[in-house]
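Visitor: Below you will find the structure I want to go over with you.
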Amino acid sequence: MDKLFALFMTAFLINNIILTKFLGMCPFLGVSRQRSSAIGMGLAVIFVILGASIFTYVLYYSVLVPLELEYMDLITFILVIAAFVQFVELVLKKYSPALYKALGIYLPLITTNCVVLYVTLENITNKFDFLEMIVYSIAVPAGFALMLFIFSTIRERLDIATTPKPFRGNALALVLAAIMALAFSGLAGLV
Amino acid sequence: MKKFFTGLILDNPVFGLFLGICSTLAITINLNNALGMGISVILILIASNVIISAIRKITPDEIRIPVYIVVIATLVKAVELLIKAYAPAIDVALGVFIPLIVVNCIILGRAEAFASKNGILASAWDGFTMGLGYIIGLVAMSLIREILATGIVEMVNPFNDALIFSIRLVPAEFSISMFSQPVGAFLTFAVLAAGVAAVRDKVEAQTKKEAK
């Protein structure tokens with residue numbers, strides 16, 4: 019249990035995916051302007067990553083390994099992710115229009131979110147067992163969602179502040195990210 | 011020719027269009043990593059542009075994105091295996107960021123925006139210029155970060171780990187190790203992006219004046 023908790027905290031806060039691994043920057047800069055869209059994107063990412071991780075993990079160990087096709091991992095994973103996102107979109111549209119309305123527009127964007135591919139690949143390279151894989155696949159996107167939310171609250175205020183013209187928009191968001199990264203580096207060594 | 015250079019700097023895929031910035035921030039700790047990444051990406055970009063342009067007439071429109079992704083993933087895997095075999099030092103340094111080239115938005119972006127509509131030669135040229143812009147972005151970032159963080163510029167031959175050159179530009183006492191950390195990556199990128207934006211604003215204001 020201790021090990022799982024340590025794994026969760028490390029992936030969630032200490033090695034935060036955005037601030038230490040720099041992954042998922044495109045959606046991070048794109049949808050962190052408003053609080054509501056940040057929450058929607060965050061939830062959609064957690065859901066898709068958990069689903070895609072379970073899918074690819076089972077596929078890797080029950081199909082690719084017995085057939086000795088491990089080198090096909092990249093091609094199968096990216097196809098599974100693209101298909102899974104499409105599938106989730108269709109199911110949501112049919113059975114839960116309310117949820118689809120909330121998450122729908124973010125789903126197509128997730129296929130190109132590098133965090134999804136990163137987590138599915140890391141599950142394999144770190145040789146996680148099933149439970150560790152589940153914990154890791156929740157912790158990483160949860161860290162992503164947390165950052166997205168914190169940023170959206172800051173950026174809503176920044177929009178009404180006076181800032182130098184060339185810095186407006188993404189450049190200023192990156193300066194903010196630098197300050198956040200500095201704060202989060204204080205957490206290193208916690209676990 | 012002038013247009014070519016302004017395109018490289020002002021419409022730089024990294025600083026101007028904010029494409030493929032995940033890898034730009036992550037691997038620009040030193041010049042070697044930046045060049046390794048940049049050369050892998052430009053090779054994959056040219057090859058994927060050529061292949062996608064060649065099959066553009068037989069690709070059904072509805073499933074074009076999955077087709078592009080399969081082409082790109084195959085190329086990336088080939089490059090990954092080549093790097094593992096011939097330049098293991100690069101493989102260790104770049105790690106998971108090599109397979110993540112698949113989701114580098116520059117490659118899929120150019121496939122969709124250019125290669126799917128243009129001929130093979132034009133697509134190859136487009137891949138080359140875009141890739142060159144990406145390499146320039148990476149090298150600029152890595153030079154700034156490496157010089158500020160360690161004071162040394164180094165290049166190592168990736169195939170046999172032999173040192174090509176190593177120059178100390180700043181005395182060790184004045185190096186700021188923060189720049190090899192994530193903080194430095196974000197700061198350097200922000201300043202470079204703002205600089206490109208400032209120059210672009212100036213150029214645009216000038217052309218507007220001339221037009222009047």
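Protein chains in written order, with my numbering: chain L, 19 to 209; chain C, 11 to 222. Backbone N, C-alpha and C define an ideal beta-carbon position, used for all residues, glycine too.
#1: Helix, strand or coil: how does DSSP classify Glu140 of chain L here?
#2: Starting from Glu150 of chain L, trace the alpha helix (DSSP H) in both directions and tell me its first and last residue.
#3: Evaluate contact between the segment 35-53 of chain C and the segment 134-152 of chain C, counting only Cβ atoms and requiring at least three cross-stretch pairs below 8 Å.
#4: Nearest to Arg66 of chain C by alpha carbon, out of C:Glu122, C:Ser190, C:Ser50 and C:Leu92?
#5: Chain L beta carbons: is any one of them nearer than 8 Å to that of Thr216 of chain C?
#6: Tell me, please, which residues DSSP counts as bridged to Met165 of chain C.
#7: What residues from the segment 175-206 of chain L come within 9 Å of chain C, judged by C-beta to C-beta, listed N to C?
#8: Take Phe23 of chain L as the anchor and find which of L:Asn188, L:Glu140, L:Ala206 and L:Ala157 has the nearest alpha-carbon.
#9: Starting from Asp211 of chain C, find everything on chain A with Cβ-Cβ shorter than 8 Å and list it in chain order.
#10: Using 8 Å as the threshold, is the C-beta distance between Ser50 of chain L and Leu166 of chain L below it?
#11: At least one CB of chain L closer than 8 Å to the CB of Pro168 of chain C: is that the case?
#12: What residue does the alpha helix (DSSP H) around Ile108 of chain C start on, and which one ends it?
#13: Distance cutoff 8 Å, beta carbons only. Does Tyr136 of chain L sit that close to anything in chain C?
#14: Can you confirm whether Thr84 of chain C, when its beta carbon is compared against all beta carbons of chain L, has any partner nearer than 8 Å?
#15: Less than 8 Å between the CB atoms is what I'm expecting for Leu110 of chain L and Thr94 of chain L, so what's the real figure, rounded?
#16: Does the distance from the C-beta atom of Thr16 of chain C to that of Val24 of chain C stay below 8 Å?
#17: Give the DSSP-derived three-state secondary structure of Asp101 of chain C in the structure shown.
#18: Quick one: does Tyr89 of chain L have its CB under 8 Å from some CB of chain C?
#19: State the DSSP-derived secondary structure class of Glu122 of chain C, mapped to helix, strand or coil.
#20: Only counting the same chain, and skipping five residues up and downstream in sequence, which positions put a Cβ closer than 7 Å to that of Leu55 of chain C?
#21: For Leu85 of chain C, is the classification buried or exposed, using 16 other Cβ atoms within 10 angstroms of its Cβ as the cut-off for buried?
#22: Return no unless some Cβ of chain C is closer than 8 Å to the Cβ of Glu86 of chain L.
#23: In the segment 79-137 of chain L, which residue ranges form an unbroken alpha helix (DSSP H) of at least 4 residues, counting only runs that do not cross its ends?
#24: Once the 5 residues before and after Arg53 of chain L are set aside, which same chain residues still bring their CB inside 8 Å of it?
#25: For Glu140 of chain L, which residues in chain C fall below 9 Å Cβ to Cβ?
#26: Give the residues of chain L in contact with Lys87 of chain C, contact being defined as C-beta atoms less than 7 Å apart.
#27: Following the continuous alpha helix (DSSP H) through Asn114 of chain C, name the residue where it begins and the one where it ends.
#28: So which residues of chain C does Ala100 of chain L contact, with C-beta pairs closer than 7 Å?
#29: Out of L:Phe102, L:Leu205 and L:Leu208, which has the shortest C-alpha to C-alpha gap to Leu127 of chain L?
#30: Looking at C-alpha atoms only, which residue of C:Thr160, C:Phe184 and C:Ile62 is the closest neighbour of Ile177 of chain C?
#31: Name the residues in the segment 24-48 of chain L whose C-beta lies less than 8 Å from a C-beta of chain C; which are they?
#32: Using beta-carbon positions only, say whether Ala199 of chain L and Val201 of chain C come within less than 8 Å of one another.
Guide: On the basis of the data shown:
#1: helix
#2: Phe148 to Leu176
#3: yes
#4: C:Glu122
#5: For the record, residue 216 of chain C in the displayed sequence is Gln; it is not Thr. Judged by the 8 Å Cβ criterion, Gln216 of chain C is not in contact with chain L.
#6: C:Phe175
#7: Pro182, Lys183, Pro184, Phe185, Arg186, Gly187, Asn188, Ala189, Leu190, Ala191, Leu192, Val193, Leu194, Ala195, Ala196, Ile197, Met198, Ala199, Leu200, Phe202 and Ser203
#8: L:Ala157
#9: Absent from the structure: chain A. Protein chains present are L and C.
#10: yes
#11: no
#12: Careful: Ile108 of chain C lies outside any alpha helix (DSSP H) and carries neither H nor E.
#13: yes
#14: yes
#15: Incorrect: roughly 24 Å between the Cβ atoms, too far for contact.
#16: no
#17: helix
#18: yes
#19: helix
#20: Ile116, Ile117, Arg120, Gly137, Met140 and Gly141
#21: buried
#22: no
#23: 91-113, 115-121 and 125-128
#24: Phe167, Ser170, Thr171 and Glu174
#25: Val106
#26: Tyr89, Leu92 and Ile93
#27: Neither: Asn114 of chain C is in no alpha helix (DSSP H) and is coded neither H nor E.
#28: Pro76 and Ile79
#29: L:Phe102
#30: C:Thr160
#31: Leu37, Thr38, Lys39, Phe40, Leu41, Gly42, Met43, Cys44 and Leu47
#32: no
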